[in-house]
Every structure is written in C-alpha cells, then in structure tokens.
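Here the structure is laid out as structure tokens; the discussion comes afterwards.
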Amino acid sequence: MEQIDALSPAELGARQTAAGLGIEAAGVTFTVYNEGLGIDRSWPFDIVPRVIARQEWDRIEAGLLQRLTALNHFIDDVYGDQRIVAAGLVPQEIISQSRDFRPECRGVHPRHDIWAHICGSDLVRDSDGTMYVLEDNLRVPSGVSYVLENRLITKRVFGELFAHQSILPVDAYPERLRRILASLTEVDDPVIAVLTPGIFNSAYFEHSFLARAMGVPLVEGRDLLVGDDDRVMLRTVEGLVQVDVIYRRVDDLYLDPEVFNPDSTLGTPGLMRAWTAGNVAMANAPGTGVADDKVVYSYVPDMIRYYLGEEAILPNVATYRCGKNSDLAFVLDHLDELVIKPANESGGYGIVIGPASTAAELTDCAAQIRADPRNFVAQPVISLSTVPTLVGDHLEPRHVDLRPFTLLGGESYVTCGGLTRVARTAGSLIVNSSQGGGSKDTWIVDTEAGSGRSAGRVPTSIDLTTLEGDRSTPRHADPASTKRTSDSKETR
Amino acid sequence: MLLSRTAEDLYWLGRHVERAESVARIVNEHTTLLVDLPVDVESDWAALLNITGSEAGFSERYDQRGETEVITFLMADVGNPGSVLRSVNSARENLRVSRQMVPRAGWECLNRLHMTATEATAGCTVRTRRMDVTETIIGSCQQLAGILAGTMSRDHAYRFWELGRLVERADMTTRVLDVRAGTLMSAAAPSSHPPADRSPYEDVRWLGVLRSVAAQNMYQRSASTSVQGGGVVAFLLDDAHFPRSVAHCADEIERTLEQLPARTEPLEAVEVLRTMIAERPGDDLTAEELHLQVELLQDALALVHASLCTAYFGLAEVAPTRGAAATV
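Taken in order, these protein sequences are the chains called L and U.
Numbering-wise (our numbering), the first sequence opens with residue 240 and increments by one.
Numbering-wise (our numbering), the second sequence opens with residue 213 and increments by one.
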C-alpha cells in the first residue's frame with residue numbers, strides 16, 4: 240500500500256488506463272441485459288488490490304471447506320433418508336417447499352456422495368471486522384474467470400509489487416477444477432465437457448475461458464445426444480464420442496426437457512436418465528439448489544453441528560425466517576431496518592433494503608411477504624467493510640464483498656482469495672456487476688514468508704494497518720485464530 | 213476432438229469470408245470495366261444481381277435498378293444475405309463462437325474487417341470511395357486467410373475453413389462464367405468473328421470476366437494467346453493450376469476430404485463434379501449451352517455442400533466410438 244500511496248495521481252491514472260486497455264484487448268467481458276438486449280461490456284476493474292493476511296485466510300479457507308462439506312452431507316441426506324428431518328432439526332416442509340428441491344434426485348448416489356462440487360460463497364465483513372457468510376452459491380456460481388483475469392492485469396500494472404511480497408498465486412484453479420471433475424467418474428482419462436447455455440448467457444465469457452483453460456470442449460445442449468442406452472454422446476466430426484463428466488453451467492430446470500421444462504432448447508433430452516443411471520457425472524449435480532435456498536441457509540450452523548459435530552468457523556448473518564410466526568411479526572414491524580430477500584433468487588434480484596426504501600415500497604414488500612412468507616427471509620443491514628478504491632485520481636473508501644470459490648470432489652481446493660466486488664458509488668452497498676459494481680484483485684499475502692524473502696532488501700512494503708480484520712478483534716473468531724491475528728500484528 | 217457444430221461454424225466462416233471477398237471483387241471489377249466502356253454502352257448493373265443470384269431478393273427491396281441501388285444492395289444491405297456487410301457480420305458470428313479454434317490474430321483481423329465493413333460499405337455509392345473500400349475488404353479477407361494459413365495448425369478445424377472457402381469459390385467462378393461470359397457469347401458466337409473483326413470492347417469485356425475472379429495475369433501467363441471466349445471458359449473451368457478454377461477447387465476439396473474422417477457421400481459428390489468438368493461438351497459454346505453446363509456444375513456443387521452437412525455437421529447416426537477423439 241505504501242508503494243501504491245507513493246504513486247502520483249497521474250501515475251495511478253496512467254496505470255488504471257493501462258489496465259482498462261488490457262481488459263479491452265483481452266476481450267474480458269460480461270453481458271448485461273437491458274430491455275431484452277444483451278450488451279457485451281468490458282469488465283469493470285479497479286487497479287488497487289485488496290489485501291488480506293494469509294493467517295486470516297487460512298481460517299477462512301478451513302471455514303469454507305467445513306461449510307461445503309456440511310452442505311454436501313445435507314444435500315445427500317435430503318435426497319436420501321432425511322435424517323436431519325427425523326432428528327427434528329429442519330422441518331420437512333422447508334425442504335419439500337424449496338423451489339429447487341428436485342424429487343427426481345431422490346435415491347441417486349453421486350460418486351464420493353458429493354453433490355455440490357463447486358461453490359462460490361459470498362463473504363462480507365461487518366464493521367466489527369467479522370467475516371460472515373452471506374450466501375452459499377451452489378447452483379452455477381460464476382466469477383472465477385475474473386479472479387484469474389484480474390490477477391493477470393495487476394501483474395502487468397503493478398509488476399514491481401510482486402517482487403517484494405509473497406502473494407499467493409491464483410492460477411492453479413483451472414487445473415484443480417479439471418482434476419476434481421475427473422475424480423467424479425471411475426473412467427480413466429475421462430472425456431469432460433463444459434455445458435453452456437450459449438453465447439447469449441451473461442457468463443459465456445467464463446464458460447469459454449474455463450473450457451479453454453482446462454483444454455476440454457465447450458458444448459451446448461444440441462451438441463449432446465443421449466441414446467436409449469442412457470449414455471451421453473458428443474457429436475463430433477469423428478462421430479459420436481461418449482462424455483463422462485459434464486461441468487454444466489445450465490440451470491437445473493433447463494437441463495433436460497424430458498424431465499424439467501419441456502420447452503427448453505438449452506438442455507439435452509435424456510441427460511437426467513444418463514445421470515441417474517450413473518453413466519455421466521454432473522457438476523454441480525442436479526438438485527443442489529435445495530441448499531442454496533436462503534431459508535435453508537439459516538440452518539447451516541445447525542447442519543455443521545449435526546453432521547460434523549463441529550461449530551461453524553465462519554458465522555452466518557442473523558436471519559429471520561418469515562415462515563416462522565414470531566419471526567414474521569418481528570420482520571413486519573422492523574421492515575425499515577432490515578434487508579428482505581426472496582429465498583430463491585440470485586444476482587441481487589428482488590432484494591429490498593429497508594433503510595433505502597420508500598414507505599410505498601415497504602408496503603408493497605410487506606404484502607409480498609404476507610402472501611408467501613416461506614419464500615422470504617430478513618437480515619440486519621450489514622455495513623460492508625470498505626477498502627481503498629481509485630476514484631478519479633485519488634483513493635476513496637468503497638464497500639466490498641468477497642466471493643471465494645471452493646471445490647470438493649476426490650480432493651478439495653479453495654481459491655487463494657477470490658473475486659472482490661466493489662460498489663461504484665460512495666456509500667452504496669450494491670456490488671453486483673449486473674448492477675454497476677466493479678471488481679478488484681484480491682491478494683492473500685503471506686506476511687511471514689514476505690518478510691523473510693525481503694530481509695536485507697526492502698522492508699515489507701505492504702503496510703499491515705491496511706490489512707482487513709486487523710482493526711478489531713473478530714467477535715466470533717475462535718481463540719486460535721484470534722491469536723494468529725495478533726501474531727501477525729507483531730510481525731509488522 | 214472437433215465438435216460438429218464448431219466444424220460447421222468454421223465451414224461457414226470460410227464461405228462467408230470468401231463470399232465477402234468475391235462480391236467486393238466483382239463490384240470493383242464492374243466499376244473498372246465501366247470506365248473503359250463508351251458512355252452509350254448500357255452499363256448493366258443488373259448483371260451483378262444475376263451473378264450473385266439475388267434478383268428476386270433485390271426486387272423485393274428496391275424499385276429502381278440504378279447503380280446506387282445495386283451497389284447499396286450488394287455492399288451494405290444487411291437484408292441481403294449475400295451482401296458484403298452481411299457476409300462479414302455472419303463470418304464474425306461464426307468465429308465468435310469458435311474463436312478458441314483460431315490464432316488470436318485471426319480474430320483480431322476479422323474484427324477490424326468487421327469495423328471497416330460496418331463503417332465504409334454504405335459509402336460505396338460514390339465511385340472513388342468504392343474502389344478504396346472494395347480493395348480494403350478484399351485485402352482484409354486475404355489477410356485473414358494468410359494469418360490462418362501461416363499460423364493455424366493443419367487439423368480438422370483448418371480443413372473445414374478450407375472446405376468452406378473452396379466450395380464458395382467454385383460456386384462464384386461458375387456464376388461469373390454463366391452471367392458474364394454468357395452475355396458475351398449470346399452477343400455473337402466467337403467462331404463467327406475472327407479476332408480482327410471484333411469490337412475492341414469485346415476484348416475488354418473478356419478481360420473483365422477474368423478480372424472478376426482475379427484471373428487475368430495467370431490466364432495471360434498460361435495461355436500466351438489473345439483473350440478469347442473458349443480459352444477463358446476452359447481456363448476458369450478446367451485449369452489444373454489456377455486456384456479459382458472449378459477443377460482446381462474440386463481437386464483441393466477432394467484432397468481435404470481425404471484427410472478428414474472418411475465419409476463416402478462427399479467424396480462421391482466431388483467425383484460427380486470432376487467428371488462433369490472433364491466430360492464437358494467443349495468450350496466454344498452458345499450462351500444456352502454454357503448456361504446449361506453451369507447449371508449442372510452448380511447442382512454438383514450443391515450436392516457437395518449438402519453431403520458435407522449430412523456427413524459432418526448433421527444428426528447422422530454414426531457408430532459410437534470411445535477415444536476416437538484422440539486422432540485429429
């Protein structure tokens with residue numbers, strides 16, 4: 240940070256411009272939907288990196304793996320014996336009424352009993368320094384390609400900073416993803432494909448990026464064919480080639496017109512037959528969305544206790560379930576102080592932020608909740624932490640969140656850092672790229688290794704006061720990690 | 213492993229790029245020809261519509277058949293599936309979904325071509341602009357072909373791009389012969405006019421036929437005779453070495469097919485085409501005879517195209533193979 244602070248406004252501006260040109264030349268884009276037209280926009284990127292100490296990251300990583308492991312136990316249980324219901328922890332109707340509960344998946348046993356192989360959790364840091372899990376994205380989370388692209392650009396723009404820091408690399412992701420996908424089948428040297436809805440999907444850039452980086456074909460539903468023998472075949476110029484693993488970026492309901500939406504042209508008829516017969520593995524498995532329901536989210540700490548016998552390393556944000564009468568009354572009384580979320584939306588759609596809403600909007604919101612209480616939750620407003628962000632030619636604080644990616648299969652992996660999304664305007668809490676948010680490179684800095692490497696050269700050039708989570712002792716942190724956090728202060 | 217869909221995209225990329233280049237060239241040549249002809253010779257802009265086979269499409273969209281309308285329709289009208297602008301747009305759409313198959317420089321080159329075509333084709337109604345723009349477009353198409361020829365691996369992906377170009381090129385050569393040479397031959401059977409008696413404009417027009425397919429220099433080098441009807445027809449149909457002759461395209465299609473996973477129908481279709489060229493009745497034909505000949509050739513080319521679609525892009529049931537993907 241000192242090095243960044245030392246740069247003149249003109250220099251900062253020049254580097255931001257260079258980064259912008261790099262993004263355009265590389266064609267890093269995302270698609271915004273506006274009045275029915277998809278517009279390919281260049282990826283909004285802020286050059287000032289966000290820095291998190293490795294000591295804190297180790298704890299987050301453990302927390303993410305713990306969480307994804309428990310969620311997978313839960314999904315496997317939901318489509319199996321539903322022991323957690325029998326144990327009285329999660330009401331049956333919460334599961335059966337979840338929009339993404341798929342009865343078709345009951346009795347299926349994916350390899351390793353793992354259903355959600357790729358998870359993109361949203362983490363937020365509150366003003367007290369605690370890192371909370373805000374959402375578990377278990378359906379088709381996107382953003383990881385931007386983590387890799389952001390790093391490439393930062394390396395180019397701030398190459399000199401990498402010389403004196405031990406910044407953990409992020410580029411292993413595609414290879415780790417490929418290995419985990421390959422671990423989902425018993426076939427040696429399996430044929431893997433990335434299934435995309437097509438070029439009009441907002442994340443097409445990422446689908447194509449990952450397919451290229453893994454060296455596997457990027458396919459659409461019409462490229463696949465499921466025969467009477469329930470095998471999935473790929474149409475190639477050589478003829479039909481059997482596919483063993485599909486990394487699908489198509490939503491459940493569009494996967495297979497035989498089973499789900501009969502009008503879907505994005506999927507392939509028979510895919511579910513092939514999957515239930517065990518002839519093809521799918522990541523994530525169909526039906527994982529049941530654990531992505533925001534009501535189900537509120538039970539995750541209970542799941543961790545029930546399935547793993549552990550306490551959650553990463554806390555949930557307090558969540559009121561409107562389906563519960565006492566919670567409903569409280570929520571309706573305090574609408575203007577809470578964030579109201581539909582249970583089954585993503586991308587920030589349908590969210591009502593109480594303090595930022597008009598009386599009319601809140602009345603409308605209350606009516607929607609009363610009509611379908613099961614499908615709403617409410618949470619206190621988290622005052623997202625801020626990080627320095629380039630505005631014009633100087634730095635200003637902007638609110639951020641963080642989306643790391645966790646992989647689980649025959650092995651496990653957590654990205655070193657993740658996608659930091661940053662609000663564009665002062666005070667705004669909206670970080671979604673579909674709603675004007677930008678992104679930052681996220682550095683997990685090994686301060687111990689860093690000071691070792693630079694001994695006798697330059698003093699550690701990242702000022703630890705700018706590290707996040709250091710300003711106060713995390714409220715929910717376990718004693719061990721609190722100790723590590725204070726250790727890291729001393730290394731300064 | 214090459215997806216059938218990607219193979220189809222690359223094939224169409226080849227066809228669209230080749231079409232943009234050919235149409236730009238015939239527009240350029242026709243404009244040049246006009247300069248050589250006396251003002252009272254009717255400049256038949258509608259001939260360009262015949263060559264591109266777009267008479268009907270044009271009549272639906274325009275009332276007048278003047279230079280402005282025809283040039284706009286051929287260069288800048290996205291409502292015309294054969295226009296330069298539409299072909300470039302389509303080529304870009306084809307490559308957008310298959311760009312991982314080609315070197316990055318190829319994508320960038322097509323992007324620049326797309327920008328040029330978008331900005332400049334509408335200005336082609338002005339003759340001086342027209343020459344610059346058509347030459348830039350021809351040059352960009354050739355640049356893309358050069359980038360791919362120089363830096364793209366010779367795998368199946370490259371072969372489908374090549375097939376698209378060859379089929380489109382052979383098709384355009386037959387169309388130019390049919391319309392341009394046909395017009396000349398119906399004016400007067402060449403045998404009845406010894407060279408000395410011919411109108412000077414006839415020579416110019418025959419040169420125009422050659423220039424429409426960029427064949428003038430190579431024809432002169434190979435023929436070492438004056439430009440005359442039968443020789444031009446023979447050259448454009450059956451020269452073994454000129455890359456835009458129908459016979460040469462057929463040879464190249466066959467050679468390319470032999471490197472692809474074996475399918476009988478496309479090879480049979482190209483054999484029909486070759487037989488038809490080899491056993492044609494002669495080259496000093498009447499316009500009607502030539503027209504008939506060209507129609508047969510175009511049917512054969514349509515068969516080559518259709519058999520490629522069924523054999524490689526279609527839903528044809530082929531015996532399932534595991535691991536066949538390893539062989540490129």
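Cβ atoms here follow ideal geometry from the backbone N, Cα and C, with glycine treated the same way.
As the structure is a prediction and not an experimental result, all values here were calculated from the model.
| message | Helix, strand or coil for V416 (chain U)? Go by DSSP, reduced to three states. | response | Reduced to three states, the DSSP call for V416 (chain U) is helix.
| query | Candidates L:G548, L:E550, L:I579 and L:A551: which alpha carbon is nearest C561 (chain L)'s? | reply | The candidate whose alpha carbon is nearest that of C561 (chain L) is L:I579.
| request: Give the residues of chain L in contact with Q312 (chain U), contact being defined as C-beta atoms less than 9 Å apart. | output: Residues of chain L passing the Cβ test: S447, A450, R451 and L457.
| Of the listed residues U:L497, U:A514, U:Q440 and U:M430, nearest to A462 (chain U) (C-alpha basis) | Of the listed residues, the one whose Cα sits closest to A462 (chain U) is U:A514.
| message | Using 8 Å as the cut-off, can you tell me whether the stretch 298–315 of chain L makes contact with the stretch 496–507 of chain L, which would need three or more C-beta pairs spanning the two stretches below that distance? | response | Output reads no: the stretch 496–507 of chain L does not touch the stretch 298–315 of chain L.
| What does DSSP give as the partner residues of P250 (chain U) in its beta bridges? | Answer is none; P250 (chain U) lacks a bridge partner.
| said: Using a Cβ-Cβ cutoff of less than 8 Å, which residues in the same chain neighbour V465 (chain L) once the five nearest sequence positions on both sides are dropped? | reply: V471, M472, T507, P508, G509, L510, R512 and A513
| said: DSSP has L502 (chain U) in a bridge; who is on the other side? | reply: According to DSSP, L502 (chain U) bridges with nothing at all.
| query | Quick one: is A665 (chain L) buried, meaning 16 or more other Cβ sit within 10 Å of its Cβ, or exposed? | reply | exposed
| field | Host beta strand (DSSP E) of Q355 (chain U) (start-end) | value | Element bounds for Q355 (chain U): not the beta strand (DSSP E) but the alpha helix (DSSP H), R339 to T363.
| Identity of the residue in U:H326, U:Y274 and U:R423 nearest L307 (chain U) by Cα | U:H326
| request: For Y588 (chain L), count neighbouring C-beta atoms within 10 Å of its own C-beta (all shown protein chains included) and say buried if the count is 16 or more, exposed if not. | output: With fewer than 16 Cβ atoms within 10 Å of its Cβ, Y588 (chain L) is classed as exposed.
| request: Would you mind working out which of L:A551, L:Y538, L:E295 and L:R544 sits nearest Y559 (chain L), comparing C-alpha positions? | output: L:Y538
| field | Against chain L: residues of the stretch 357–376 of chain U by CB proximity under 8 Å | value | Within the stretch 357–376 of chain U, the residues whose Cβ lies closer than 8 Å to some Cβ of chain L are H368 and F372, listed in chain order.
| field | Under 7 Å from the C-beta of L434 (chain L): neighbouring residues of chain A | value | Any reference to chain A falls outside this structure, whose protein chains are L and U.
| request: Given a cut-off of 9 Å, decide if R613 (chain L) and V534 (chain L) are closer than it, judged by their beta-carbon atoms. | output: Their beta carbons are under 9 Å apart, which means V534 (chain L) touches R613 (chain L) by this criterion.
| field | Cα-Cα separation, D640 (chain L) to T625 (chain L) | value | D640 (chain L) and T625 (chain L) have their alpha carbons spaced roughly 9 Å apart.
| request: For D462 (chain L), go through chain U and note every residue whose CB falls closer than 9 Å to its CB, in chain order. | output: What D462 (chain L) touches in chain U: L215, S216, R217 and T218.
| What are the start and end residues of the beta strand (DSSP E) that includes V480 (chain L)? | G478 to Q481
| said: Quick check on L423 (chain L) - is its C-beta less than 9 Å from some C-beta in chain U? | reply: no
| query | Which residues of chain L have a Cβ atom closer than 7 Å to the Cβ of Y431 (chain U), listed in chain order? | reply | Within chain L, no residue comes near Y431 (chain U); the closest Cβ sits about 37 Å away, beyond 7 Å.
| query | Of all the CB atoms in chain U, is at least one closer than 9 Å to the CB of T475 (chain L)? | reply | yes
| query | Comparing alpha-carbon positions, which option in L:I392, L:E374 and L:S335 lies nearest D410 (chain L)? | reply | L:I392
| Using a C-beta cutoff of 9 Å, does G528 (chain L) count as contacting chain U? | no
| said: Within the continuous alpha helix (DSSP H) that includes T284 (chain U), where are the two ends? | reply: Per DSSP, the unbroken alpha helix (DSSP H) holding T284 (chain U) starts and ends at E279 to M287.
| field | 9 Å Cβ cutoff met for G319 (chain L) and G631 (chain L) | value | Not a contact, by the Cβ cut-off of 9 Å.
| field | Beta-carbon proximity check, V543 (chain U) vs L378 (chain U), cutoff 9 Å | value | Outside the displayed span of chain U (213 to 540) sits residue 543 (chain U), for which this structure offers no information.
| query | Per DSSP, C358 (chain L) is paired with what? | reply | L:T645
| Secondary structure, alpha helix (DSSP H): runs of 4+ residues fully inside the stretch 364–450 of chain L | 383–396, 400–403 and 412–421
| message | Whole angstroms are fine: how far does the CA of L504 (chain U) sit from the CA of L493 (chain U)? | response | One detail in the question is off: residue 493 (chain U) reads as Pro in this sequence, not Leu. Taking the straight line joining both Cα atoms gives about 11 Å.
| request: Give every residue of the same chain whose Cβ lies closer than 6 Å to the Cβ of S247 (chain L), excluding the five residues on either side of it in the sequence, and list them in chain order. | output: none
| field | Nearest candidate by alpha-carbon position, reference V439 (chain U), set U:V421, U:T487 and U:A523 | value | U:V421
| Between I291 (chain L) and R254 (chain L), which are expected to be in contact by the criterion C-beta below 8 Å, what is the C-beta distance as a whole number of angstroms? | The C-beta separation of I291 (chain L) from R254 (chain L) comes to about 22 Å, leaving the pair out of contact by the 8 Å criterion.
| C-beta neighbour in chain L for R304 (chain U), strict 9 Å | no
| request: Report the option in L:E250, L:E295, L:T256 and L:F439 whose CA atom is closest to the CA atom of I683 (chain L). | output: L:E295
| Given that P473 (chain U) touches chain L, what residues does it touch there, using C-beta distances under 8 Å? | V476, E477 and G478
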